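Trainee: Under the working numbering, the first residue of the sequence shown is numbered 3, with each subsequent residue one higher.
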Amino acid sequence: MSALEPFPSQQGAHGPGLTSTALRWSLLASVALSLCGCILSTDIPNPALDVPGAYKDAGRSTAAPPPQIDWWRGFKSRELTSLMEEAQTVNLDIAAAVSRIVQADAQARITGAALLPSISAGDQATRSRTSGSSASGLTNSGREITNYSSSLSASYEIDFWSKNRDATLAAHETATANRYDRDVVALTTMAAVANAYFQVLAAQDRIRTANRNIASAQRILNAIKERVNAGTSSDLDLAQQESVLANQRAAVPPLKQTLAQNINALATLVGRPPESLHVTGGSLNAIAVPAVSPGLPSELLIQRPDIRRQEAQLAAATADIGVARAQFFPSIQLTGQGGYQSAALVSLFSPHAAFFSLAASLTQPIFDGGALQGNFELTKARQDELLQTYRKTVVSAFADVSNALVSLRQTSERLRLQRDVVASSRRAFQLAEQQLRAGTADIVTVLNTQLTLFQAEDALWQAQLARLQAVVSLYQALGGGWEPKSVGPTNAL
Numbered sequence: 003m004s005a006l007e008p009f010p011s012q013q014g015a016h017g018p019g020l021t022s023t024a025l026r027w028s029l030l031a032s033v034a035l036s037l038c039g040c041i042l043s044t045d046i047p048n049p050a051l052d053v054p055g056a057y058k059d060a061g062r063s064t065a066a067p068p069p070q071i072d073w074w075r076g077f078k079s080r081e082l083t084s085l086m087e088e089a090q091t092v093n094l095d096i097a098a099a100v101s102r103i104v105q106a107d108a109q110a111r112i113t114g115a116a117l118l119p120s121i122s123a124g125d126q127a128t129r130s131r132t133s134g135s136s137a138s139g140l141t142n143s144g145r146e147i148t149n150y151s152s153s154l155s156a157s158y159e160i161d162f163w164s165k166n167r168d169a170t171l172a173a174h175e176t177a178t179a180n181r182y183d184r185d186v187v188a189l190t191t192m193a194a195v196a197n198a199y200f201q202v203l204a205a206q207d208r209i210r211t212a213n214r215n216i217a218s219a220q221r222i223l224n225a226i227k228e229r230v231n232a233g234t235s236s237d238l239d240l241a242q243q244e245s246v247l248a249n250q251r252a253a254v255p256p257l258k259q260t261l262a263q264n265i266n267a268l269a270t271l272v273g274r275p276p277e278s279l280h281v282t283g284g285s286l287n288a289i290a291v292p293a294v295s296p297g298l299p300s301e302l303l304i305q306r307p308d309i310r311r312q313e314a315q316l317a318a319a320t321a322d323i324g325v326a327r328a329q330f331f332p333s334i335q336l337t338g339q340g341g342y343q344s345a346a347l348v349s350l351f352s353p354h355a356a357f358f359s360l361a362a363s364l365t366q367p368i369f370d371g372g373a374l375q376g377n378f379e380l381t382k383a384r385q386d387e388l389l390q391t392y393r394k395t396v397v398s399a400f401a402d403v404s405n406a407l408v409s410l411r412q413t414s415e416r417l418r419l420q421r422d423v424v425a426s427s428r429r430a431f432q433l434a435e436q437q438l439r440a441g442t443a444d445i446v447t448v449l450n451t452q453l454t455l456f457q458a459e460d461a462l463w464q465a466q467l468a469r470l471q472a473v474v475s476l477y478q479a480l481g482g483g484w485e486p487k488s489v490g491p492t493n494a495l
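Structure follows, in structure tokens:
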């Protein structure tokens, strides 16, 4: 470590001391500027992504616009839209993500302060008294001395190697990543609200169906009782139907539990206690199924906020490499102080009370036991980790869209086939019930047809729920509900 001597405070503007020091600084600056062109920040590495031309499960329509920012309106449910809008405003996870943005912005300002000089002012008054004893043993009254001073000091680190600039860039990229993280949280929250609301509707539909099935089982039980009284049926037939009726009644409490749990989940998502949230609900039959086009895979790199978040984090790690590299080079610090100092307050600001001092220091690491090299390798490894994470995020995003497309197609086909099952089962049950009342039906056939109908109707609601959830998953996989834009640390939320 070496230090350049301070500028002489008593020399004139053209004095020999100042000229000599200034010359040395000019030579040093010339060398530094010539080297600065070689010390550039590391560019973001090429992720070498394999982007497909189209989704294999997308069908014919691929070149379509991305989902609308308010994609949930496509379901044509006022209550769902109201819950979505409320969750965007009051959801606690989103609020916490916004707070992280504020923290990251503040950290970026703190880091960026190193690019500017640090200036401070101070005023001081001191009063002291000398000792009243002397070396010969004589005593006197001593003296009291008062000093007043008013000064302004400044310091600045010359950022020849872009250490502070890269650190500021890394902080700003981190703030950008936090903005994208807020969008990821919002997208996940919107999907959770939609899925919970559809679960509520499905539970209500299944409860209504279970109650209708209970009524149907009760009719069959009454018919069997009449046959038992007439001597055409046995107590075994009666016991079997009573079991069917009891099973249908036992299926209702779990459905009511599911209904209550999903209403409570909605309350949590909108930041309210369950007691203050009223969900009317309705039926899945009243929900429209919007058409969703996936667009092109290349558009996903912009549409998905989680991809943009990983990209910003990779950029921050790349800037950190520039910071770690710059630490191998000298640190040049300039400091200066000037002001007034006087023993009398009335003459504090007179010309003869003025003073100043200027100093420059250069610090060059020579031996640190490998700490700087270790830090440099650490930051490079961190960059590589984030590069692989970015690549995995992109590949996972493509897989999410493909899975959602497959799920949507298969659940739609399942729903179509299940409707055929319900229609056939209902017709078979109606015929069996008519034959039972006419006294010509086999009781085993009646039991089988009603059980088949009950299971088919319940499975139909589950198939409708699965298709709606597949639509929500596709919206989420495509980054729906988030408008791609250039997000910077100073942009408004």
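We put the CB at the ideal spot given by N, CA and C, even for glycine. No experiment lies behind these values; they were computed from the predicted model shown.
Just tell me which of Gly341, Leu449, Val474 has its CA closest to the CA of Asn249.
Mentor: It is Leu449 whose Cα lies nearest to the Cα of Asn249.
Trainee: For Arg145, name the three-state secondary structure that DSSP assigns.
Mentor: Three-state result, Arg145: coil.
Trainee: Taking only three categories from DSSP, how would you classify Ile222?
Mentor: helix
Trainee: Which stretch, first to last residue, makes up the alpha helix (DSSP H) that contains Arg274?
Mentor: It is not in any alpha helix (DSSP H) - Arg274 carries neither H nor E in the DSSP assignment.
Trainee: Would you mind stating whether Ser333 and Glu159 have Cβ atoms separated by less than 9 Å?
Mentor: For Ser333 and Glu159, yes; Cβs fall inside 9 Å.
Trainee: With 16 as the cutoff for other CB atoms within 10 Å, does Gln466 come out buried or exposed?
Mentor: buried
Trainee: Report all residues from its chain with a CB closer than 6 Å to the CB of Gly55; omit the five preceding and five following residues, and keep chain order.
Mentor: none
Trainee: Answer yes or no: do Gly441 and Thr234 have a C-beta to C-beta separation smaller than 9 Å?
Mentor: yes
Trainee: Rounded to the nearest angstrom, what separates Thr83 and Val202 at their Cα positions?
Mentor: 15 Å
Trainee: Look at the Cβ atom of Arg102, then the Cβ atom of Asp185, and state whether they are nearer than 9 Å.
Mentor: no
Trainee: Got a sec, what are the start and stop residues for the alpha helix (DSSP H) Tyr477 sits in?
Mentor: 445-479
Trainee: Quick check on Arg306: does DSSP put it in helix, strand or coil?
Mentor: coil
Trainee: Indicate whether Ile309 and Thr395 have their beta-carbon atoms separated by less than 9 Å.
Mentor: Yes, Cβ-Cβ distance for Ile309 and Thr395 is below 9 Å.
Trainee: If you draw a straight line from the alpha carbon of Leu389 to that of Thr190, how long is it in whole angstroms?
Mentor: Rounded to whole angstroms, Leu389 to Thr190 spans 24 Å at the Cα level.
Trainee: Given Thr170, which residues of its chain have a CB within under 8 Å of its CB, disregarding the five upstream and five downstream residues?
Mentor: Result list for Thr170: Ala110, Thr113, Gly114, Ala116, Leu117, in chain order.
Trainee: If you run the structure through DSSP and keep just helix, strand and coil, what is Tyr158?
Mentor: strand
Trainee: Residues in its own chain within less than 7 Å of Gly273 by CB, not counting five upstream and five downstream?
Mentor: Non-local C-beta neighbours of Gly273 in its own chain, meaning closer than 7 Å and more than five positions away in sequence, comprise Val92, Asn93, Leu94, ordered along the chain.
Trainee: Do Pro299 and Val53 have their C-beta atoms within less than 9 Å of each other?
Mentor: yes
Trainee: Look at the Cβ atom of Val294, then the Cβ atom of Arg469, and state whether they are nearer than 9 Å.
Mentor: no
Trainee: If you draw a straight line from the C-alpha of Gly481 to the C-alpha of Pro69, how long is it?
Mentor: 8 Å
Trainee: Give the C-beta separation of Ala262 and Trp463 to the nearest angstrom, bearing in mind that I take them to be a contact with Cβ-Cβ under 8 Å.
Mentor: With a contact defined as Cβ atoms closer than 8 Å, Ala262 and Trp463 miss out at about 17 Å.
Trainee: Leu347 to Thr132, Cα distance in whole Å?
Mentor: About 20 Å.
Trainee: Taking Cβ to Cβ, would you say Ser122 is nearer than 9 Å to Gln343?
Mentor: Their beta carbons are not under 9 Å apart, which means Ser122 does not touch Gln343 by this criterion.
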